[in-house]
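Q: For reference, the structure I am asking about is given below.
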C-alpha cells in the first residue's frame, strides 16, 4: 500500500563559522608521510545542491570520488560526529548515482558511529536517528532484508521519544514509524503492526491543524491502511471510516468551495488524483451512519476520474462514418452471471450492431478480441481481470486462450473507440509502488483511443454485473424523447453509471458491492 521510496529522511549538514555547510576532504601530507590530516574546505554543499549535483550528466561521480579518498577504516578513532556524518552523506550521494557496491553499507556504518557519538539528550540526536533510518530504509528497499526494516522501526520509535510535543517534526516521526509498521505488516501479516500503524495515522491527524500541508498525505496514508485492513479482514467499519474521512477532509470542502447543492441532476466533477489518492474511492466519500443524516458525494456531484490532465485536453476525434458496432466478450464458464449480463445488453442494443464473443460457436481468443478493438465503438468485457503489481503492463483480461494484456492492448489503434466497459475485477488499479504512473487496464484503453471507460477499483460481485449493465445501457441508449434509440450517447456514460449505481444501492447492498465501479475519461 505504501511507496517504499517516499519515506522521509534527513541528511545532516555541518555548519561552521560561515552559514555554508562543509565537505570533508582527506589527503596525505606527502609521499612518505603515513599520518593523515583532515582539512575542511568551505563550499556550498547543502541538500538542494546535492540533488542538483546528481542531475549532472557527466563527471558527477568522479567529483564525488575526489571527496572519498580514504575508506572509513582509515578515519581517526576520535573522529567527531560531524566528520562521520559528512563522509556518510558523500558516500550515500555517490551510491544514489550508481557508485561503488559498498558505498551504502559504508554510509550505514558511519551513520551508526555518528549516532553513538550522540548522548540521549543531544539536540542533534534526532537528525542522527533519521540519517541512519533513511539509509537502512534505502538498503531494505533495494535488498528486502527484514532486519533492516526492524532497525528502521526501532530507530523511529527512539526518534518519537526525542521529538516530543511541541517539537515541530513529531508528526514526521510518527508518520515514518506508521509507514514502516504498515510495510512490515504486508511482509509478515502481523495484525498488531497494521493496528498500530492505523492508530499512529489517526494520532497524526489529531496533531496536525486543518490547514497543514502534510495533512492530506497523512489522510491518504490512513485511508490506505484502513483499506488494507478492510481487504484483509473484511471489516465494514474500516471502509466506513475511509469514506467518512474522505468526505470530511477532501470532498466536502471542495463541494463547499464550489457552492454546490444537493440535486437530482448533479453536475459532473472531474477528479485527477495523484499518489496514493489514486487508490481511494473519492467518488463514494460520505457519512453513511444510520444514526446520523446520510450525506455523501453522489448527492452533490457525479464523479469522473482522469489518469492525467492531458487526457482531458485531447480533442475529440471526428465522428466515425462507419456503422455503429459493439463488441461484448463474456466468460460464461467461470462466471455464470455473465450470460445474464449479455441478455440484459441484448435488450438495449440492436442485434445487427452486436458482436458477441465467448458464446458457443464464437470463441473469445486473444487475437480475435484484439483485432475487433479497432473496429468497434463500444467494447464490453464481462470476465476475470488480473492485476500484476510487479509488472503493470502484464495486467490483463482473461480470455479463452490466455490473457489480453495491457501491453497488447496498447499496440492497437482504436479510431472508433468511444466506450470501454470493463465489468471485471481490479481494472482501474495501477501499481501501488508506482502510484504516479498512470497505468492500469482502464487507463491503457483511454490512452489507446477510447474516450470513456467504466472500470472497477477492486473486486466486484459476479451477480452485480447484470444489474449495472442493464441500467447503464438503458440510459445511454435512451434518446432525447426518453424512448429507446438505435445509437448510443456515450457522452452520458458518467451519468449513466451514476444511475446504475443508485439502482444497485436501492437493493440495500453493502458498500463493497457498489463502491468499486468508476467512470474514467471525459465526464461529459
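Numbering (the UniProt record's numbering), first residue to last: 1 to 524.
Positions of the beta carbon are idealized from the N, C-alpha and C atoms, including for glycine.
For residue 172, which three-state DSSP category applies?
A: Looking at residue 172 - three-state DSSP - the assignment turns out to be helix.
Q: Check this for me: beta carbons of residue 81 and residue 130, under 8 Å apart or not?
A: It is not a contact, given that the beta carbons lie outside the stated cut-off.
Q: Looking at residue 238: is its Cβ nearer than 8 Å to the Cβ of residue 230?
A: Yes, the Cβ-Cβ distance between residue 238 and residue 230 is below 8 Å.
Q: In three-state DSSP terms, what is residue 472?
A: Helix, per DSSP.
Q: The beta strand (DSSP E) with residue 576 in it runs from where to where?
A: No information on residue 576 is available, as it lies outside the stretch 1 to 524 that the chain covers here.
Q: Could you check the C-alpha separation between residue 612 and residue 362 for me, to the nearest Å?
A: Only positions 1 to 524 of the chain appear in this structure, which leaves residue 612 out of reach.
Q: DSSP on residue 244, reduced to helix/strand/coil?
A: Residue state, collapsed to three classes: helix.
Q: Within this structure, are the beta carbons of residue 358 and residue 331 separated by less than 8 Å?
A: Yes, these two residues count as a Cβ contact at 8 Å.
Q: Taking the straight line between their C-alpha atoms, what separation do you get for residue 421 and residue 101?
A: So the alpha carbons of these two residues sit roughly 48 Å apart.
Q: For residue 314, which residues of its own chain have a beta-carbon under 8 Å away from its beta-carbon, when the five flanking residues on both sides are left out?
A: The answer is none, since no qualifying residue turns up.
Q: Measuring straight from C-alpha to C-alpha, what distance separates residue 495 and residue 387?
A: Distance between the alpha carbons of residue 495 and residue 387 is about 27 Å.
Q: Taking three-plus beta-carbon pairs below 8 Å as touching, is the segment 504-519 in contact with the segment 476-484?
A: No: the two stretches stay apart, fewer than three of their Cβ pairs being nearer than 8 Å.
Q: Taking 6 Å as the limit between beta carbons, can you name the residues of its chain near residue 209, skipping five residues before and five after?
A: None.
Q: Taking the Cβ atom as the reference point for each residue, do residue 469 and residue 341 lie within a distance shorter than 8 Å?
A: Yes.
Q: With a 10 Å radius around its C-beta and 16 neighbouring C-beta atoms as the bar for buried, classify residue 316 as buried or exposed.
A: Exposed, since its Cβ has fewer than 16 Cβ neighbours within 10 Å.
Q: When DSSP labels each residue in this structure, what does residue 458 get in the three-state scheme?
A: Residue 458: coil per DSSP, three-state reduction.
Q: Quick one: measure Cβ to Cβ for residue 405 and residue 395, integer angstroms, because I've assumed they're closer than 8 Å.
A: Confirmed, Cβ separation roughly 7 Å.
Q: What is the C-beta distance between residue 228 and residue 276, in whole angstroms, given that I count them as a contact (C-beta under 8 Å)?
A: Wrong, their Cβ atoms sit about 11 Å apart, outside the cutoff.
Q: For residue 99, count the other beta carbons within 10 Å of its own beta carbon; 16 or more makes it buried, fewer makes it exposed. Which is it?
A: Residue 99 should be labelled buried.
Q: Could you tell me whether the segment 406-418 touches the segment 454-472, using the rule of 3 or more Cβ pairs below 8 Å?
A: Not touching, per the Cβ criterion.
Q: What is the rounded straight-line gap between the Cα of residue 137 and the Cα of residue 393?
A: Spanning the two alpha carbons is a distance of roughly 27 Å.
Q: For residue 452 versus residue 490, is the C-beta distance shorter than 8 Å?
A: Yes, Cβ-Cβ distance for residue 452 and residue 490 is below 8 Å.
Q: Closest to residue 109 by C-alpha separation, out of 128, 97 and 120, would be which residue?
A: When each option's Cα is compared against that of residue 109, the closest is 128.
Q: Ignoring anything shorter than 3 residues or poking outside the segment 360-407, list the beta strand (DSSP E) runs there in chain order.
A: DSSP runs (the beta strand (DSSP E)) wholly in the segment 360-407: 378-382, 396-399 and 402-405.
Q: Report the start-end ranges of each alpha helix (DSSP H) in the segment 185-229 that is 4 residues or longer and not cut off at the edges.
A: Listed in chain order, the complete alpha helix (DSSP H) runs (minimum 4 residues) inside the segment 185-229 are 191-207.
Q: Using the beta-carbon count (16 or more within 10 Å), is residue 321 buried or exposed?
A: Residue 321 is exposed by the Cβ-count criterion.
Q: So what does residue 452 bridge to, in DSSP terms?
A: Answer is 419 and 521.
Q: Please return the same chain residues whose Cβ sits closer than 8 Å to the Cβ of residue 145, not counting the five positions on each side in sequence.
A: Closer than 8 Å at Cβ, skipping near neighbours: 139.
Q: At least one CB of chain D closer than 8 Å to the CB of residue 150: is that the case?
A: In summary, chain D is missing from the structure at hand, where a single protein chain is found.
Q: Here's a check: name, in chain order, each residue in its chain whose Cβ is nearer than 7 Å to the Cβ of residue 486, leaving out the five neighbours to either side.
A: If we look at residue 486 and ignore the five residues flanking it on each side, its Cβ neighbours are 350.
Q: With distance defined between alpha-carbon atoms, name the residue in 369, 87, 456 and 302 nearest to residue 329.
A: Of 369, 87, 456 and 302, the residue nearest in Cα terms is 369.
Q: Inspect the beta-carbon positions of residue 273 and residue 302 and report whether they are closer than 8 Å.
A: Cβ atoms of residue 273 and residue 302: not closer than 8 Å.
Q: Measuring alpha carbon to alpha carbon, tell me which residue in 492, 521 and 460 is nearest residue 510.
A: Residue 460 is the option with its Cα nearest to residue 510.
Q: Does the Cβ of residue 333 have 16 or more other Cβ atoms within 10 Å, making it buried, or fewer, making it exposed?
A: Label assigned to residue 333: exposed.
Q: Where does residue 487 fall in DSSP's three states?
A: Looking at residue 487 - three-state DSSP - the assignment turns out to be coil, as it is neither helix nor strand.
Q: Run the CB neighbour count on residue 401, radius 10 Å, all protein chains shown included, and call it buried at 16 or more, exposed below.
A: By the 10 Å Cβ count, residue 401 comes out exposed.
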